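> If you're matching positions, the sequence shown starts at 12 in this note's numbering and goes up one per residue.
My structure is below; once you've seen it, I'll send some questions.
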Amino acid sequence: MIGVVCAHPDDEILGMGGTIARHIAEGESVSVLYLGRGREGGQQVEGAVRAAGALGFSPVFVGDLFPDNQMDTVPLIRIIHAVEAWIKAHEPHIVYTHHRSDLNVDHRAVFEAVLTATRPGYADPLQALYSFEVLSSTEWAFDYSFRPARFVDVSQYWQEKVAGLRCYESEMRPFPHPRSFRALEARAQYWGAVVGVEYAEAFEVVRMIE
12 MIGVVCAHPD DEILGMGGTI ARHIAEGESV SVLYLGRGRE GGQQVEGAVR AAGALGFSPV
72 FVGDLFPDNQ MDTVPLIRII HAVEAWIKAH EPHIVYTHHR SDLNVDHRAV FEAVLTATRP
132 GYADPLQALY SFEVLSSTEW AFDYSFRPAR FVDVSQYWQE KVAGLRCYES EMRPFPHPRS
192 FRALEARAQY WGAVVGVEYA EAFEVVRMIE
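What follows is the structure, encoded as structure tokens:
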């Protein structure tokens, strides 16, 4: 089982939609845990359900979704317990989540919760824990601390990522906003050029066991 832990619906596609599609194409099951519902109105939750159908992953929503852009007001232990319960239920061997230095406070809280919930000795050791970038959050921290060492070739899965993004049309912005179709494609092409493929998604390795 591949696990993805997100603060908001749309983060999973923005950060690693192509990688999710590739995992599924290669026969892996993917569970995506959403700890918040995003903006008021429920559009992002509806988008998550559509994206799950389009790509083939299983969406999991915390029963009492945490408040949007206010997770820093919630006791961290509550978020940790939500992640621990999901881990116990789904037993992922690889987990992806946000970067520790994202500008978005919810992303940072989720990273801390995941890091604690996946601590060695708590459950079966993870094979790997990775952080992904979310454009309009990771790079806007301006600390340049996202340093990927793992790159996934998503050239064959780019259209699946685009299909996932279209499920969140209300969250997309016109170029040159980084959360635009054009900017996201340029970013994937940039990471692809770094490693010699057409499109790639980049991940920071938090830890890995071999």
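Beta carbons are placed, not taken as given, at the ideal position from N, Cα and C, and that holds for glycine.
These figures come from a predicted structure and were not determined experimentally.
(1) For LEU44, tell me which candidate among SER156, LEU66 and ALA93 has the shortest Cα-Cα distance.
(2) Could you give the distance in angstroms between the alpha-carbon of GLY47 and the alpha-carbon of TRP169?
(3) Looking at the unbroken alpha helix (DSSP H) that takes in ASP117, where does it start and where does it end?
(4) Could you tell me which of GLU221, VAL16 and ASP164 sits nearest to ASP117, measuring between CA atoms?
(5) Since GLU30 is in the beta strand (DSSP E), which residue starts that stretch and which ends it?
(6) With distance defined between alpha-carbon atoms, name the residue in ALA18, LEU176 and TYR155 nearest to VAL73.
(7) For my contact list, ALA124 and ILE90 are in at a C-beta cut-off of 8 angstroms; report their separation, rounded to the angstrom.
(8) How is GLU180 classed by DSSP in three states: helix, strand or coil?
(9) Taking PHE68 as the reference, give the member of MET82, LEU76, ILE88 and ILE35 with the closest Cα.
(10) Of all the options ARG50, GLY64, GLY58 and VAL173, which has the alpha carbon lying nearest to the alpha carbon of ASN80?
(11) When you compare only the Cα positions, how much space is there between GLU171 and ARG177?
(12) Between SER42 and HIS101, is the Cβ-Cβ spacing less than 8 angstroms?
(13) Any idea what DSSP makes of ARG218, helix, strand or coil?
(14) Please determine whether the Cβ atom of ASP79 lies at a distance below 7 angstroms from any heavy atom of the ligand MG.
(15) On a CA-only basis, which of TYR210, ALA174 and ALA213 is nearest GLY64? Give me that one, please.
(16) Please report how far the alpha carbon of TYR201 lies from the alpha carbon of GLU209, in whole angstroms.
On the basis of the data shown:
(1) Selected option, being the one with the closest Cα: ALA93.
(2) The C-alpha of GLY47 lies about 26 angstroms from the C-alpha of TRP169.
(3) It spans 116-128 - the alpha helix (DSSP H) in which ASP117 sits, taken as one unbroken run.
(4) Nearest C-alpha to ASP117: VAL16.
(5) At residue 30 the sequence reads Thr, which differs from the Glu that was named. Per DSSP, THR30 is not a residue of any beta strand (DSSP E); the alpha helix (DSSP H) it occupies stretches across 22-36.
(6) Of ALA18, LEU176 and TYR155, the residue nearest in Cα terms is ALA18.
(7) In this structure, ALA124 and ILE90 form a Cβ contact; the two beta carbons are roughly 4 angstroms apart against a cut-off of 8 angstroms.
(8) Three-state DSSP puts GLU180 in a helix.
(9) Ranking MET82, LEU76, ILE88 and ILE35 by Cα distance to PHE68 puts ILE35 first.
(10) Per the Cα distances, ARG50.
(11) Straight through space, the alpha carbons of ARG177 and GLU171 are spaced by roughly 10 angstroms.
(12) Against a cut-off of 8 angstroms, the Cβ pair of HIS101 and SER42 comes out as a contact.
(13) It is a strand residue.
(14) For the structure depicted, the ligand MG is absent and the ligand set is empty, with no information on it obtainable.
(15) Of the candidates TYR210, ALA174 and ALA213, the one whose C-alpha sits nearest the C-alpha of GLY64 is ALA174.
(16) Roughly 9 angstroms between the two C-alpha positions.
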